[in-house]
Amino acid sequence: MTEPTILHQKINLPYRYTAGDFHKAFLYGLANRRIVGSRCPACLTVAVPARPFCPECSAHSGETMDMKPKGTLETWSTATIQGVTRTYGLIRIRGADTVMLHIVDAEPSTLQVGMELVPRWSPEPVPEITAIAAFIPT
Amino acid sequence: MGRVAIVGVGQSVHARDRNDVAYAELLLEAIDEALADAGIGLADVDNAVTASLDFYDGRTIANMAVADVVGSYLKPESRICSDGIGALLYGWARIADGAHQVGLVTAHCKESEGNLATIEGAAFDPFVQRRLGADADVVAGLGARQIYASGAFSPTDAAALVVAARAASAVNSKVTTLEPMTIAEVLDAPRLATPLGVFDRAPNRDGSCAMILATEEVARDLSDSPVWIAGVGTATGKYWADRHPADLSALDRARDSAVAMTGWGTDVPDLFEVSAQYAHQLCQFATRLGAQLTEAGRTLNPSGGWHAGNPVTVSGLSRVTECVHQLRGHAGPRQLHDAQRALAHGVAGLGAQSHFVAALEVGD
Chain A
0 MTEPTILHQK
10 INLPYRYTAG
20 DFHKAFLYGL
30 ANRRIVGSRC
40 PACLTVAVPA
50 RPFCPECSAH
60 SGETMDMKPK
70 GTLETWSTAT
80 IQGVTRTYGL
90 IRIRGADTVM
100 LHIVDAEPST
110 LQVGMELVPR
120 WSPEPVPEIT
130 AIAAFIPT
Chain B
0 MGRVAIVGVG
10 QSVHARDRND
20 VAYAELLLEA
30 IDEALADAGI
40 GLADVDNAVT
50 ASLDFYDGRT
60 IANMAVADVV
70 GSYLKPESRI
80 CSDGIGALLY
90 GWARIADGAH
100 QVGLVTAHCK
110 ESEGNLATIE
120 GAAFDPFVQR
130 RLGADADVVA
140 GLGARQIYAS
150 GAFSPTDAAA
160 LVVAARAASA
170 VNSKVTTLEP
180 MTIAEVLDAP
190 RLATPLGVFD
200 RAPNRDGSCA
210 MILATEEVAR
220 DLSDSPVWIA
230 GVGTATGKYW
240 ADRHPADLSA
250 LDRARDSAVA
260 MTGWGTDVPD
270 LFEVSAQYAH
280 QLCQFATRLG
290 AQLTEAGRTL
300 NPSGGWHAGN
310 PVTVSGLSRV
320 TECVHQLRGH
330 AGPRQLHDAQ
340 RALAHGVAGL
350 GAQSHFVAAL
360 EVGD
């Protein structure tokens, strides 16, 4: 036997993720064209997207808050993944102590650290991160 | 707390597609070599700690698929879903606390068998990130741009480490010899995730590693010059998107914990084996651990490191293996002069979230 025997199989693994109150607030905020963050009651860190626990001190988040739908670009990377070329960025929403990942729709050579970006909303008002189609320069 | 020694090490050959063996057989190559190195049999081992990742093995609770080859039936067996150097720390604790005498530590992975885009994509937060379709290379690219912008390191610094790793692969019989490359060739290669190029990421590999740990009493019985685990440390940093890539506090904590257990004080170790899947991270981690980047291929990663070709999950334990060879004076064509103390480092998680350090030494 010279040729190796290779078995090709596929595991189909559908999943349902329960979002919890804070992710729900963020995702339904997006469906209403709002960007929702959360504030830590202990250290006052503002996290965007809203989340149940503070990324700085692990305290349970206290309240959600509406953010201005504007941010600045901290870094970006362009890659071709499964045939699709996109630029991803880490964006700091105004007033947030954290950054969020999203797609940046702009010619990469025009991008600069600190440039202002705004969301380009998808026509579909869905409670998903894809409710923002991409961030674009102002 | 008892002293713990490494009394046997073994590795499979690490290559692109190990289609000649199933993954349990791949692990057997490393275990057989480690047992022979220690001069004991599998029946002499009283516990096992294995490292593997279900998604790569394509099977849930994948450690059960290697329970027979590690001989853990009717013995305490634990498994970590992280780098194998984490299994070493766990195996060390079992012996240091006096509960066990001889332990087997293993790591295996076939990066070639699953769909890496799916596996790495599953590491992203499902609520606000995964649907965006990014991958681990994008996370590395986002970080690399910030590191290069800070001026701490340049793409040329990173490329020089890739060049050194590829050169070192020629004198490491456990990895595939890579085509030599110049710094310019690394810098001019097609982009992976800007600013990173395809050679900034360590190559796709299948491989395994195994190690035998023992109490001081057993170690002195088996060897005239055991390699001692002088200190260990690990720490996990924040999730990648919440952590600036220049924040190496988890690495600092792991190193400080390990070194604090040794009697080394502020002395610099004789060699460093450092893990990083992306070359800019190797610049960062090696420097922070105290190594000189100009020593790449010598006192920094004489084995060639991850970029010479190891799979994820195995790289950290491979780093320990090289330290053991060097400290014993058995590293063949890549042997360093008079190596007495070594730091081995491992990393795991998206954006290098968790760090592990083992301090190793020879002598009484």
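In order, the protein sequences belong to chains A and B.
Under numbering that gives the first Met the number 0, the first residue of the first sequence carries the number 0, and numbering increases by one thereafter.
Under numbering that gives the first Met the number 0, the first residue of the second sequence carries the number 0, and numbering increases by one thereafter.
Glycine included, every Cβ here is placed at the ideal spot set by N, Cα and C.
| Item | Value |
| --- | --- |
| CA nearest to the CA of His101 of chain A, picked from A:Ala18, A:Gly70 and A:Pro122 | A:Gly70 |
| Environment of Gly362 of chain B [buried if 16+ CB atoms lie within 10 Å] | exposed |
| Of the residues A:Gly36, A:Ser57 and A:Ala41, the one placed nearest Ala49 of chain A, counting alpha carbons only | A:Gly36 |
| Helix, strand or coil at Tyr238 of chain B according to DSSP, with G and I counted as helix | coil |
| Pair within 9 Å by beta-carbon distance, Gln276 of chain B and Val311 of chain B | yes |
| Thr137 of chain A burial status per 10 Å Cβ neighbour count (16 or more: buried) | exposed |
| Where Glu55 of chain A falls: helix, strand or coil (DSSP) | coil |
| Residue from B:Arg190, B:Val170, B:Pro244 and B:Ala121 with nearest C-alpha to Arg287 of chain B | B:Pro244 |
| Residues near Arg204 of chain B in its chain [Cβ-Cβ closer than 7 Å; skip 5 each side] | His13, Ala14, Arg15, Glu110, Gly308, Asn309 and Pro310 |
| Residues near Trp75 of chain A by beta carbon distance below 8 Å, same chain, minus five either side | Thr86, Tyr87, Gly88, Leu89, Val103, Pro107 and Leu110 |
| Alpha-carbon spacing of Gly289 of chain B relative to Ala159 of chain B, whole angstroms | 18 Å |
| Cβ pair Pro301 of chain B, Leu270 of chain B closer than 9 Å | yes |
| CB contact below 9 Å: Val12 of chain B versus chain A | no |
| Against chain B: residues of the region 14-37 of chain A by CB proximity under 8 Å | Tyr14, Tyr16, Ala18, His22, Phe25 and Leu26 |
| Beta-ladder partner(s) of Glu62 of chain A, from DSSP | A:Arg38 |
| Members of the region 15-32 of chain B that neighbour chain A once the beta carbon cut-off is set at 7 Å | Asn18 and Asp19 |
| DSSP state of Asp43 of chain B mapped onto helix, strand, coil | helix |
| For Asp156 of chain B and Ala183 of chain B, the rounded distance between their alpha carbons | 11 Å |
| Short CB-CB distance (under 9 Å) between His59 of chain A and chain B | no |
| Contact the region 239-258 of chain B vs the region 345-362 of chain B: 3+ CB pairs below 8 Å | yes |
| Gln145 of chain B at chain A interface by Cβ criterion, 9 Å | yes |
| Contact set for Pro179 of chain B: own chain, Cβ-Cβ below 7 Å, skip 5 residues either direction | Arg165 and Ala166 |
| Rounded Cβ spacing between Pro3 of chain A and Asn18 of chain B (contact assumed at less than 8 Å) | 4 Å |
| Beta carbon proximity, Gly140 of chain B to chain A, threshold 9 Å | yes |
| Chain-ordered chain A contacts of Gln280 of chain B [CB-CB under 7 Å] | Correct list: empty, because the minimum Cβ distance to chain A is about 14 Å. |
| Beta-bridge partners of Tyr277 of chain B, as assigned by DSSP | B:Arg200 |
| Per-residue burial, Leu73 of chain B [other beta carbons within 10 Å of its own, 16 or more giving buried] | exposed |
| Under 9 Å by beta carbon: chain B residues contacting Trp75 of chain A | Gly140, Leu141, Arg144 and Thr193 |
| Among A:Pro126, A:Ile5, A:Gly113 and A:Arg93, nearest to Ala21 of chain B - alpha-carbon criterion | A:Ile5 |
| Sequence-distant residues of its chain with Cβ nearer than 8 Å to Arg190 of chain B (five each side left out) | Gly196 and Val197 |
| Span separating the alpha-carbon of Leu212 of chain B from that of Ala218 of chain B | 8 Å |
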